[in-house]
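> Attaching a single structure in structure tokens format; questions to follow.
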Amino acid sequence: MANGRSREPVTRERAIRVAISLADAGGIESLSMRKLAVELGIEAMSLYYHVKSKDDILDGMLDIVHSEFVTPQAGDEWRSAMRARAESTRSVLAQHPWAISIKARTSPGPATLGHLDSVIGCFTTAGFSMPLTGHAISILDSYVLGFAQQEASLPLDPSGDIGPAAEEIIAQQEAMADAYPNLATMAVSLVLQPGYAYGNEFEFGLELILDGIAAARSAQAST
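Our numbering numbers the first residue of the sequence shown as 3 and each following residue consecutively.
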């Protein structure tokens, strides 16, 4: 392949970053070793000199995604640190929506493990017991990942506005009112109201969870 990129040396890190670009542009299903080799300017079989397998590529892609998350540190005020982590995770996953649906094939990479280690350290340094730390990380990560997955599946613009789907909702409103009256009421009184953006629901849910974690920490301290 005669282009500027073909003259760059092929390394595992470069192959992984090019794979991320392909997945960002066309989704994870569009990524193949053959297409990646073409983008790198090499033969498909030559790619295996630099990476072990496609699973190796996917693991590396996930590790780079984790390196982009804001990472809390021991000594940070836990609530503001976890809010920043949640917000950055949601933002990064919006840029790499394919990362929501794949998991490490072999083992987590150093960025993934380092990120989790720092999150644990932030909680425990703030006085959380290890069991409560596990509970907090589980519920926060489940919420953020689930919300990011929901956003990726909805017809939203970058601000989280559901406006692009408003015309279709309006067109179906009469039929919905008969068959699904509660959905129709929500559409009229909430979703179609000026300024409504589904993305704003994230902050509401996140604060509820942080409030619950804070209450659990207080209860732990009193026992």
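Just so it is clear, CB atoms sit at the ideal spot from N, CA and C, and this is done for glycine as well.
For the region 23-111, list the alpha helix (DSSP H) runs that are entirely contained and at least 4 residues long, ordered along the chain.
Runs found: 35-42, 56-69 and 80-97.
> Please report the distance separating the alpha-carbon of SER155 from that of SER69.
Stepping through the sequence shown from its first residue, residue 155 is reached at position 153. Stepping through the sequence shown from its first residue, residue 69 is reached at position 67. Taking the straight line from one Cα to the other gives about 24 angstroms.
> Per the contact definition of three or more C-beta pairs closer than 8 angstroms, is the region 73-80 in contact with the region 102-122?
Output reads yes: the region 73-80 touches the region 102-122.
> Determine the extent of the alpha helix (DSSP H) in which ASN184 is found, giving its start and end residues.
Along the sequence shown, read from residue 1 onward, the residue named residue 184 stands at position 182. Here the alpha helix (DSSP H) through ASN184 covers 183-188.
> Secondary structure at ALA4, three-state DSSP: helix, strand or coil?
Translated into the one-based positions of the sequence shown, residue 4 becomes position 2. Interpretation of ALA4 is limited by its pLDDT of 43, a score under 50 that renders its predicted location unreliable; no figure is taken from the coordinates.
> How long is the line joining the alpha carbons of PRO11 and LYS54, rounded to whole angstroms?
Taking the sequence shown and counting its residues from 1, one reaches residue 11 at position 9. Taking the sequence shown and counting its residues from 1, one reaches residue 54 at position 52. Looking at the two C-alpha atoms, the distance is approximately 17 angstroms.
> Looking at PHE130: is its Cβ nearer than 8 angstroms to the Cβ of ALA138?
Taking the first residue of the sequence shown as 1, we reach residue 130 at position 128. Taking the first residue of the sequence shown as 1, we reach residue 138 at position 136. Going by C-beta atoms, PHE130 is nearer than 8 angstroms to ALA138.
> Could you tell me the alpha carbon to alpha carbon distance between SER23 and SER224, rounded to whole angstroms?
Translated into positions along the sequence shown, residue 23 becomes position 21. Translated into positions along the sequence shown, residue 224 becomes position 222. One C-alpha to the other measures close to 50 angstroms.
> Hey, HIS52 and THR13: beta-carbon distance below 8 angstroms or not?
If you number the sequence shown from 1, residue 52 lands on position 50. If you number the sequence shown from 1, residue 13 lands on position 11. Their beta carbons are under 8 angstroms apart, which means HIS52 touches THR13 by this criterion.
> Counting beta carbon pairs with one atom in the region 77-88 and one in the region 30-47, are three or more of them shorter than 8 angstroms?
With a cut-off of 8 angstroms, the region 77-88 and the region 30-47 do not count as touching, because too few Cβ pairs lie within range.
> Could you spell out where the alpha helix (DSSP H) holding PRO133 opens and where it closes?
Walking along the sequence shown from the start, residue 133 turns up at place 131. 132-155 is the span of the alpha helix (DSSP H), which, as asked, contains PRO133.
> Rank VAL67, LEU192 and ALA186 by C-alpha distance to the C-alpha of GLY111 and give the top, closest one.
In the sequence shown, the residue the question calls residue 111 occupies position 109. Looking at the Cα atoms, VAL67 is the closest of the given residues.
> Could you check how far apart the C-beta atoms of ILE30 and SER103 are, in whole angstroms? I think they sit under 8 angstroms.
Walking along the sequence shown from the start, residue 30 turns up at place 28. Walking along the sequence shown from the start, residue 103 turns up at place 101. Right, their Cβ atoms sit about 7 angstroms apart.
> Can you check whether the C-beta of PHE125 is within less than 8 angstroms of a C-beta belonging to chain C?
Given the protein chain composition of this structure (a single chain), no chain C is represented.
> What do you get for PHE125, buried or exposed, if any count of 16 or more other CB atoms within 10 angstroms of its CB means buried?
Taking the first residue of the sequence shown as position 1, residue 125 is located at position 123. Buried: at least 16 other Cβ atoms inside 10 Å.
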